[in-house]
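Protein chains in written order, with this note's numbering: chain A, 431 to 737; chain B, 431 to 737.
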């Protein structure tokens, strides 16, 4: 089995001055995930490591760099899922956590639950000695400026959001043929306090099942939830569709049924992979067969040997 | 189109001394939902009214009568979904709200979001002047006694939970052929603070789509989430399975893949309905063609004309 990892850094309209940083970030993340896999690590370890790096990268809307709520706070969601037995861990509306994806993994590994929210999640994080950080350290100048802009009369946060959906995610299949997914986000720009999007919702923000494959999603969270996008795509794969066909069918269903745009990265258990999006752009990268692939605009694909 | 409404009052082992109250409660709820439909109301109105009544009934694990968290608190989850356009509203980990299902409906109707959690949900509830109540008023002697019992050494909350999973839910199809679902719960006995189960997770706790039908689920929340049970059942219906076959396929997939037990109520857009469960019992009731149907043990079905 050839190991494969595919990541995305969010679907939407990526301003040209940010495109280079986004591409650099997804390539760094996918290389790290691939290194985990080629060193014999599991798909869960690979997706968590790739997502952790993108949470730490201020150019993405997850961890440091998260968009702000209407009240100027940071509230993050994350999900991880293990295709072997469908084990899952998720957090919603957590603040002051450096890496929500690591907290999600601890919920999967150390509790009998699947999802913890808000104060309860923080309480568990403290029991596990998960790294806490100040809200300030998670906020970039760019996030604050966009938050201020959206408080002005006549602002349209949804329109502005298209400039930085920026949820991050990863899917992987390891040498043993096990699949996993992880997704992490700061949510939607100027969202109401307590708003939970698709990311921590199993089947919407991601899904992984060794009998089919794995998907991680990005885009308009409310639309993704309404069509349970990740699970929807895997159902098409169960019906015999390729990763690419299934991803496109899911995205076009979301567009026609609820007028939603987004993007997905998908793998099947044989190592076929795709990165597809209905938005204008999506920063993505993939690694397999010692080759790095990446792109950001429709139809674009660069490749480079991994030395 | 003949209107139909089906409700459940939770899957699990229902102690005999509580069986009569459970049956009475689901019959009262389904009659109220049916009255909404026969008076020309929508399927959304019918499911919200049926679930509201079961939240107010102390014999169910939702609203008043909710099970307690490990710390002795009440944290409730709820979901409502409209099959016309997949509009959805959900709340997770809310306290001090008399009827979480009504708050979920307000989120669907009055915000651009789908789900609000914890403090943010309460903040919105106050803006909407939703009825707040004391924690004490939501706690019954029965809930407190079972909470205490589960704090003792050697207690097994999961085993004990089987005595009162008790999530409540409803599905309906109205005279115009529109479907809807609603689900509400106090969650799992002695859960960690902040634990979010399947109920507010679209596709797990319920799903409604006018192109197929509607499902509301109950049972072991973590297992339901891992298989995205409601959406799974509707996929089988899209493949041509009857409501009964699809429900059984979904429940047996959950049993074999993640060793989970539960139950579901299901309708399709033609008015076919079913109430199926893999647990020992599930309190359920249905109303259509001026006839009330109800049961609690496997194979049991009583009927009575609605006067």
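All C-beta atoms, glycine included, are put in the ideal place defined by N, C-alpha and C.
{"Check": "When the Cα of residue 513 (chain B) is compared with those of A:657, A:685 and A:498, which residue comes out closest?", "Outcome": "A:657"}
{"Check": "Out of B:528, B:526 and B:520, which has the shortest C-alpha to C-alpha gap to residue 540 (chain B)?", "Outcome": "B:520"}
{"Check": "In angstroms, rounded to a whole number, what distance separates the CA positions of residue 720 (chain B) and residue 734 (chain B)?", "Outcome": "9 angstroms"}
{"Check": "Rounded to the nearest angstrom, how far is the Cβ of residue 440 (chain B) from that of residue 648 (chain B), given a contact under 8 angstroms?", "Outcome": "5 angstroms"}
{"Check": "If I measure Cβ to Cβ from residue 717 (chain A) and keep anything under 6 angstroms in the same chain, skipping five residues before and after, which residues do I get?", "Outcome": "435, 460 and 464"}
{"Check": "Of all the options A:467, A:715 and A:535, which has the alpha carbon lying nearest to the alpha carbon of residue 730 (chain A)?", "Outcome": "A:715"}
{"Check": "Classify residue 711 (chain B): buried if its beta carbon has 16 or more other beta carbons within 10 angstroms, exposed otherwise.", "Outcome": "buried"}
{"Check": "For residue 657 (chain A), which residues in chain B fall below 8 angstroms Cβ to Cβ?", "Outcome": "516"}
{"Check": "Which residue from B:528, B:472 and B:601 puts its Cα closest to that of residue 702 (chain B)?", "Outcome": "B:601"}
{"Check": "Give, in chain order, every residue of the segment 627-649 of chain B whose Cβ lies closer than 9 angstroms to some Cβ of chain A.", "Outcome": "627, 628, 630, 631, 632, 633, 634, 637, 639 and 641"}
{"Check": "If you pair each beta-carbon of the segment 577-584 of chain B with each one of the segment 464-479 of chain B, do three or more pairs fall below 8 angstroms?", "Outcome": "no"}
{"Check": "Might you give, ordered along the chain, the residues of its own chain that have their beta carbon closer than 7 angstroms to the beta carbon of residue 534 (chain A), omitting 5 neighbours on each side?", "Outcome": "508, 509, 510, 519, 520 and 521"}
{"Check": "For my contact list, residue 698 (chain A) and residue 643 (chain A) are in at a C-beta cut-off of 8 angstroms; report their separation, rounded to the angstrom.", "Outcome": "4 angstroms"}
{"Check": "Could you check which residue in B:492, B:700, B:480 and B:621 has the C-alpha nearest to that of residue 672 (chain B)?", "Outcome": "B:700"}
{"Check": "Note down the Cα distance separating residue 489 (chain A) from residue 504 (chain A), rounded to an integer number of angstroms.", "Outcome": "15 angstroms"}
{"Check": "Among A:674, A:598, A:664 and A:608, which has the Cα closest to the Cα of residue 470 (chain A)?", "Outcome": "A:608"}
{"Check": "To which residues of the same chain is residue 662 (chain B) closer than 7 angstroms at the C-beta, ignoring the five residues directly before and after it?", "Outcome": "680 and 683"}
{"Check": "Would you list the one or two residues that DSSP bridges to residue 706 (chain A)?", "Outcome": "A:694"}
{"Check": "If you run the structure through DSSP and keep just helix, strand and coil, what is residue 490 (chain A)?", "Outcome": "coil"}
{"Check": "What residue range does the beta strand (DSSP E) around residue 545 (chain A) cover?", "Outcome": "545-547"}
{"Check": "Please state if the CB of residue 452 (chain B) and the CB of residue 573 (chain B) are separated by a distance shorter than 8 angstroms.", "Outcome": "no"}
{"Check": "Taking the C-alpha atoms as reference points, what is the distance between residue 524 (chain B) and residue 667 (chain A)?", "Outcome": "37 angstroms"}
{"Check": "For residue 546 (chain A), which of B:652, B:689 and B:732 has the nearest alpha-carbon?", "Outcome": "B:652"}
{"Check": "Does the CB of residue 522 (chain B) have a neighbour CB from chain E at under 8 angstroms?", "Outcome": "In the structure shown, chain E cannot be found, because the protein chains are A and B."}
{"Check": "Our contact map puts residue 645 (chain A) next to residue 433 (chain A) with C-beta atoms below 8 angstroms; I'd like the distance itself, whole angstroms only.", "Outcome": "18 angstroms between Cβ atoms; not a contact."}
{"Check": "State the start and end residues of the unbroken alpha helix (DSSP H) segment that holds residue 629 (chain B).", "Outcome": "Premise fails: residue 629 (chain B) is in no alpha helix (DSSP H) and is neither H nor E."}
{"Check": "Can you tell which of A:457, A:548 and A:458 has the C-alpha that lies nearest to the C-alpha of residue 624 (chain A)?", "Outcome": "A:548"}
{"Check": "Within its chain, find whatever has a CB closer than 6 angstroms to the CB of residue 688 (chain A); leave out the 5 residues flanking it on each side and keep chain order.", "Outcome": "653 and 656"}
{"Check": "Taking 8 angstroms as the CB-CB cut-off, is residue 553 (chain B) touching chain A?", "Outcome": "yes"}
{"Check": "Within the segment 475-558 of chain A, note down every full beta strand (DSSP E) run reaching 3 residues or more, in order along the chain.", "Outcome": "506-512, 517-524 and 545-547"}
{"Check": "In chain order, what residues of the same chain lie with their CB nearer than 6 angstroms to the CB of residue 676 (chain B), ignoring the 5 residues before and after it?", "Outcome": "663, 666 and 667"}
{"Check": "Do you know how far the Cα of residue 438 (chain A) is from the Cα of residue 531 (chain B)?", "Outcome": "35 angstroms"}
{"Check": "Is the Cβ of residue 579 (chain A) closer than 8 angstroms to any Cβ of chain B?", "Outcome": "no"}
{"Check": "Using 8 angstroms as the limit for Cβ to Cβ distance, is residue 545 (chain B) near chain A?", "Outcome": "yes"}
{"Check": "Only counting the same chain, and skipping five residues up and downstream in sequence, which positions put a Cβ closer than 6 angstroms to that of residue 560 (chain B)?", "Outcome": "533"}
{"Check": "Would you give the residue range spanned by the beta strand (DSSP E) that residue 700 (chain A) belongs to?", "Outcome": "It is not in any beta strand (DSSP E) - residue 700 (chain A) carries neither H nor E in the DSSP assignment."}
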